[in-house]
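Trainee: Dropping a structure here in structure tokens format, bear with me for questions.
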Amino acid sequence: MVRVRFAPSPTGALHIGGVRTALFNYLFAKKHGGEFLLRIEDTDQNRYVEGAEKYIIDSLNWCGIPYDEGVGKEGKHAPYRQSERKEIYKKYADELLEKGWAYYAFDTAQELDDYRKKYEAEGKTFIYNWSNRQQLKNSLALTKEEVQKRIEIGEEFVIRFKMPNDEVLKMNDLIRGEVTVDTKTLDDKVLFKSDGMPTYHLANIVDDHLMEISHVIRGEEWLPSMPLHVLLYRAFGWEAPQFAHLPLILKPVGNGKLSKRDGIKLGFPVFPMDWQEENGMLKGFRGEGYFPEALVNFLALLGWNPGNDEEIFSLQQLTELFDLERVHKAGARFNIEKAQWFNHQYLQKKSNIELAREFEKILSEKNISRPIEIIEKVVALIKERATFVSDFWELGNYFFQKPEKYDEKALKKQWKEDTNVILSEVAEIINHTTDFSSSVLEENVKKYISEKGYGFGQVMPPLRLALVGEMKGAHIFDIMEVIGKEETLSRLSAILKENK
Ligand code: GLU
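Here it is, written out as structure tokens:
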């Protein structure tokens with residue numbers, strides 16, 4: 000049975016890298032008919048941020064990445080919030096102590112800091128491990144009685160993992176293949192803190208085991224923790240899950256991981272939804288007008304490829320195609336233009352009526368109200384050029400309001416001596432057109448142009464200026480049909496009046 004989990008820590012807004020991790024877990028689970036869990040890893044109380052858990056859940060909901068079990072969907076392994084599982088972990092730390100895989104350490108933060116400084120002064124790095132643990136204040140160096148005494152009088156301690164010093168550990172990663180580490184280079188990580196809480200490492204392993212997780216799929220930043228985790232499974236005598244470390248999402252240019260700062264500096268979202276921070280608002284894809292399906296499709300291709308050139312995939316299709324073997328080892332460069340391209344594609348696929356309903360909201364904020372059929376027609380005429388629903392106003396405002404002014408340069412160029420006469424005659428033709436449809440209007444006006452022996456350039460550009468105010472916009476006769484006879488004639492007479 001495939002069981003995977005997304006295990007974020009609620010330390011702030013969930014970065015889109017986290018959303019991608021959740022997505023890949025979801026896809027992998029569904030591909031194999033398995034289950035996807037959400038576990039909240041909130042054992043580090045110093046980093047806990049109010050509202051972050053809700054943000055994570057809301058983001059997954061908005062993206063349409065549902066979990067089968069987790070906070071709010073309590074299943075057989077509830078609770079799914081580590082702070083509510085506090086009592087569980089101590090006994091596992093004790094088990095490691097008993098088995099000799101862990102030990103008590105009494106070194107104070109100040110003492111450790113002094114060591115760090117001392118080592119630094121000698122050009123070395125302080126690593127708490129086999130090389131110095133016998134000289135430090137722990138249950139491996141002190142006598143049993145001494146240890147007992149310290150615990151009895153309530154001296155603070157942590158529990159550390161006793162990292163072997165003589166093993167070349169060979170591990171397998173489903174994306175990276177064999178990963179080898181010499182345990183001599185690793186430190187004796189703290190598993191249990193003086194505040195009675197487990198650290199991430201202990202809680203993570205215990206919970207993955209108890210929750211029957213078969214595959215750990217997570218970001219590359221956790222790769223350095225893999226040796227400790229593998230050894231913890233060994234120490235407990237548990238079968239380890241399989242590991243897969245996903246490639247980093249890289250900055251659009253330069254080196255390094257895509258950060259919150261990049262988004263702020265370059266003006267694009269790196270979070271699924273808006274998030275209010277003390278010193279400002281972080282922009283989210285939702286607030287910027289992205290469709291969740293577009294974001295999901297974009298994220299799916301950040302570090303994975305389907306093995307062909309196709310790019311547009313629904314969640315269902317992704318579920319069928321997804322494969323950890325096609326996840327890349329190398330980092331995936333973030334490119335906001337690509338995200339926009341996806342949104343454009345998804346916008347084209349939406350029905351006009353659905354888009355019209357969204358556009359209607361924007362119009363109503365501007366106190367503009369029109370029958371939905373009219374808005375739908377407008378959407379049909381302008382959507383091809385839109386990336387976001389919010390582009391509709393910029394692309395189609397002239398359907399709803401008269402030009403406030405006429406593009407001066409264009410007017411100068413297009414308004415000739417005979418333009419007044421021509422446009423007055425065209426107005427007549429329009430006035431006499433009873434079937435006010437784009438094709439009939441076009442036929443009538445074109446007939447007039449050819450009968451008079453005019454060139455299109457004498458008629459169409461000033462006509463466009465009259466209706467739109469500038470030399471852009473939809474097909475001119477489509478505009479007339481949508482705005483209707485009265486409005487068309489009124490715009491014609493307005494420009495004629497201004498350019499007598
Ligand atoms: N709590 C860790 C995080 O915030 C989970 C890492 C893991 O998946 O093991 O990403």
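Per numbering that gives the first Met the number 0: the sequence shown = residues 0 to 499. Positions of the beta carbon are idealized from the N, C-alpha and C atoms, including for glycine.
If we call anything under 7 angstroms between Cβ atoms a contact, is residue 293 one with residue 345?
Mentor: Yes.
Trainee: Assuming residue 490 and residue 473 form a contact by the criterion Cβ under 8 angstroms, report the distance between their Cβ atoms to the nearest whole angstrom.
Mentor: Actually they are not in contact, since the Cβ atoms of residue 490 and residue 473 sit about 15 angstroms apart, beyond 8 angstroms.
Trainee: Quick one: grab the DSSP three-state call for residue 20.
Mentor: Reduced to three states, the DSSP call for residue 20 is helix.
Trainee: Span of the beta strand (DSSP E) holding residue 168?
Mentor: Its beta strand (DSSP E) spans residues 167–172.
Trainee: Should residue 223 go down as buried or exposed, given a rule of 16 or more other Cβ atoms within 10 Å for buried?
Mentor: So residue 223 ends up on the exposed side.
Trainee: Between residue 54 and residue 274, how many whole angstroms is the CB-CB distance? I'm expecting something under 8 angstroms.
Mentor: That belief holds up - the Cβ atoms of residue 54 and residue 274 are roughly 6 angstroms apart, short of 8 angstroms.
Trainee: Take residue 376 and list the residues in its own chain whose beta-carbon comes closer than 6 angstroms to its own, dropping the five residues that flank it on each side.
Mentor: 481.
Trainee: Helix, strand or coil: how does DSSP classify residue 181 here?
Mentor: In the structure shown, residue 181 sits in a strand (DSSP, three-state: E or B).
Trainee: Give the secondary structure of residue 287 by DSSP, where H, G and I count as helix, E and B as strand, and everything else as coil.
Mentor: If DSSP states are grouped into helix, strand and coil, residue 287 belongs with coil.
Trainee: Along the chain, where does the alpha helix (DSSP H) that runs through residue 395 open and close?
Mentor: Counting along the chain, the alpha helix (DSSP H) containing residue 395 begins and ends at 390–395.
Trainee: Is residue 7 near the ligand GLU, going by C-beta to nearest heavy atom under 6 angstroms?
Mentor: For the ligand GLU, at least one heavy atom lies less than 6 angstroms from the Cβ of residue 7.
Trainee: Cβ atoms of residue 42 and residue 197: under 7 angstroms apart, would you say?
Mentor: Cβ atoms of residue 197 and residue 42: closer than 7 angstroms.
Trainee: For residue 473, which three-state DSSP category applies?
Mentor: Note: residue 473 maps to coil in three-state DSSP.
Trainee: Do you know offhand how far residue 454's Cα is from residue 269's?
Mentor: Each residue's Cα considered, the two are about 52 angstroms apart.
Trainee: Does the pairing of the region 285–305 with the region 7–22 give three or more beta-carbon distances under 8 angstroms?
Mentor: Result yes; three or more Cβ-Cβ pairs closer than 8 angstroms.
Trainee: Thinking C-alpha only, which one of 242, 302, 448, 400 is nearest residue 576?
Mentor: Here the chain covers residues 0 to 499 and nothing more, so residue 576 does not appear.
Trainee: Between 30, 35, 39, 468, which has its C-alpha nearest residue 9's C-alpha?
Mentor: Ranking 30, 35, 39, 468 by Cα distance to residue 9 puts 39 first.
Trainee: Would you please state the rounded distance, in angstroms, between the beta carbons of residue 495 and residue 430? I believe it to be under 8 angstroms.
Mentor: No, residue 495 and residue 430 are not in contact; Cβ-Cβ is about 13 angstroms, not under 8 angstroms.
Trainee: Based on Cα-Cα distance, which residue from 437, 448, 396, 467 lies nearest to residue 409?
Mentor: Looking at the Cα atoms, 467 is the closest of the given residues.
Trainee: Distance, Cα to Cα, residue 385 vs residue 308?
Mentor: Straight-line Cα distance between these residues: approximately 24 angstroms.
Trainee: Measure the beta-carbon distance from residue 257 to residue 249 and round it to whole angstroms, keeping in mind my assumption that it falls under 8 angstroms.
Mentor: Right, their Cβ atoms sit about 6 angstroms apart.
Trainee: Residue 200: which of 44, 190, 209 sits nearest, CA to CA?
Mentor: Residue 190 is the option with its Cα nearest to residue 200.
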